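Take a look at the structure below.
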Amino acid sequence: MSEQSPRPRKPGKPYRRPQKDPVRILAFEALRAVDERDAYANLVLPPLLRKAREKGDFDARDAALATELVYGTLRRQGTYDAIIASCVDRPLREVDPPVLDVLSLGVHQLLGTRIPSHAAVSASVELARVVLGDGRAKFVNAVLRKVARDDLDTWIERVAPPYDDDPEDNLAIVHSHPRWVVSALWDSLGGPRAGIEDLLEADNERPEVTLVARPGRSTTEELLREEAAVPGRWSPYAVRLSEGGEPGAVAAVKEGRAGVQDEGSQLVALALANAPLDGPDEKWLDGCAGPGGKAALLAALAAERGAMLLASEKQPHRAGLVAKALAGNPGPYQVVTADGTRPPWRPGSFDRVLMDVPCTGLGALRRRPEARWRRRPEDLEGFAPLQRDLLRTALESVRVGGVVGYATCSPHLAETRAVVDDVLKQYPHTELIDARPLLPDVPALGEGPDVQLWPHLHGTDAMYLALIRRTG
């Protein structure tokens, strides 16, 4: 074999080098990072796209396609795994992960996009030749040709059990969520099948980018002058960027006067800031402040009243992010690196306290679709003691007559009402405040007194908030 020939040639069939497709190679690299390093796509993808643009490989359409391939594949992973499993002669766990990533990208192009079937198969096989080699490319070709014979609805009917036989397993495959997550969300939501289906489908939609105009530093009027900007639905400080809007290009965001923040997070901060108080309103605390979005909004709202905010964060690098978000706040503030379960401040020091506790993040599956496949039911047991300890700290940190906001980005009952109910049994001199009137324009907030937001009802992350007043 000559040095120029990569492999022996068959008579009459000259070797053809695989065609490198920068878009699909980048999507494959992002999926590998998510799988191998437990990375998050929203952190991995932007630098990959930026590097590709700098090299001149990408234009805006390429970037949009790469983004769709990565997020679409991750969101529909459960459905696609079930389809692929029916087309291979071995358990999926025995398929090499890089091969499975190429297959999943191909299945998404076949069943989840408008890319013609022949082009989806051809592009996926070429990708396999580049990143896997000719041998495994033949396997990819064989599997994808089977998948291409039917559309998504036909495949789902084939691989999902009938709803009447197993409702949760049916919904898990149809809407691509782990079964235990379907069960937990259904318990939290309650109601008929239509409600849970709407929620699961909302989790699979691309979320809008929402900005927050930080009071005293920016205004919604300024942000609305940006191309593709429209008002928020609920928060007076929110502006949404329609598809294609780039927050990094907004001057107020680059300068820190505005930020990227889901409207649900804004509403949590606003409800705490607007809760009725007995006595002074001078010292506020954000006890789990990283990465700083809620702290920046709270500090700005506090400044309007002449109050100060103490922002506390346990992780030093996240405390640095909080300091960056607060830089330039028009009023007094302080950022400290501290463990919220062993606080350095005295009990009863604050008038308002926000404790947005670490959680499973099941309320933000639109933004981090890979999280649904990483979380396990046993994760709840790991978070439970910390969530209770942090709420106890909040209740001990607030003065009599002051208000605590307990928040999570999860609707799971074990992380929301169960935590509040358990802790308040130990603190008889407290009372729950009805948080719903504090968000007067927001519908469908639940039975109260706590508040649960939902992607399918409010277009926000599934944020939970309970407001508690210390009475003695």
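The sequence shown maps to residues 1 to 472 in our numbering. Glycine is no exception: its CB is placed at the ideal position from the N, C-alpha and C atoms. As the structure is a prediction and not an experimental result, all values here were calculated from the model.
Excluding five sequence positions before and after N42, the CB atoms of its chain that fall closer than 8 Å to its own CB belong to R367, R368, given in chain order. Taking the C-beta atoms as reference points, D286 is found no nearer than 8 Å to L270.
Looking at the DSSP output, Y333 shares a beta bridge with L309. For the set P385, V140, G259, V70, the Cα lying nearest the Cα of L49 is the one of V70. Within the same chain, R214, P215, G216, R217, N329, P330, G331 come within 8 Å of A300 by CB-CB distance, once the 5 residues on both sides are set aside. Beta-carbon to beta-carbon, T408 and Y464 are separated by about 5 Å, close enough to satisfy the 8 Å threshold. Shown here for A295: same chain residues with a beta carbon closer than 7 Å to its own, the five before and five after excluded, namely D286, A289, L309, A311, V322, A325, L326 in chain order.
Cβ contact annotation for E201 (same chain, cutoff 8 Å, sequence separation greater than five): H175, H456, in chain order. DSSP places G405 within a strand segment (E or B) once states are collapsed to three. In the displayed model, I433 falls within a strand according to three-state DSSP. R352: not part of any alpha helix (DSSP H); member of the beta strand (DSSP E) spanning 350-356, first to last residue.
I173 places its beta carbon 8 Å or farther from that of I196. Judged by DSSP in its simplified three-state form, D389 adopts helix.
Each residue's CA atom was taken as its position, placing R53 and A60 some 9 Å apart. When only Cα atoms are considered, L185 and F383 end up about 17 Å apart. Here L465 carries a strand assignment [DSSP, helix/strand/coil]. Residues V212, S235, Y237, A238, L297 of the same chain have their beta carbon placed closer than 7 Å to that of Q266, with the five preceding and five following residues left out of the count. For T219, the closest of V253, R206, L199, D203 by C-alpha to C-alpha distance is V253.
Excluding five sequence positions before and after S188, the CB atoms of its chain that fall closer than 7 Å to its own CB belong to P411, H412, L413, given in chain order.
Each residue's CA atom was taken as its position, placing G459 and E126 some 39 Å apart. Scanning the segment 279-329 for uninterrupted beta strand (DSSP E) segments of 3 residues or longer gives 283-286, 308-313, listed from N- to C-terminal end.
In this structure L31 is buried. Its beta-carbon is surrounded by 16 or more other beta-carbon atoms within 10 angstroms. As computed with DSSP, P231 is found in a beta bridge with V239. Residue range 152-159 is occupied by the alpha helix (DSSP H) that includes T154. Taken atom to atom, the span from the alpha-carbon of Q261 to that of K283 is near 24 Å. By the beta-carbon neighbour count (other beta carbons within 10 angstroms, threshold 16), G448 is exposed. Judged by DSSP secondary structure, L211 falls within the beta strand (DSSP E) whose first and last residues are 209-213. Counting along the chain, V260 sits inside no alpha helix (DSSP H); it lies in the beta strand (DSSP E) bounded by residues 258-260. Per the Cβ contact rule, the segment 92-104 is in contact with the segment 72-84 (3 or more Cβ pairs under 8 Å). In this structure S397 is buried. Its beta-carbon is surrounded by 16 or more other beta-carbon atoms within 10 angstroms. By the Cβ-count criterion, P343 is buried, with 16 or more other Cβ atoms from all chains shown falling within 10 Å of its own Cβ. Between the alpha carbons of A273 and A303 lies a distance of about 11 Å. Around the beta carbon of H108, 16 or more other beta carbons lie within 10 angstroms, which makes this residue buried. Pairing V403 with V130, the inter-Cα distance amounts to about 59 Å.
Between L92 and L100, the C-beta spacing is below 8 Å.
DSSP places Q77 within a helical segment (H, G or I) once states are collapsed to three.
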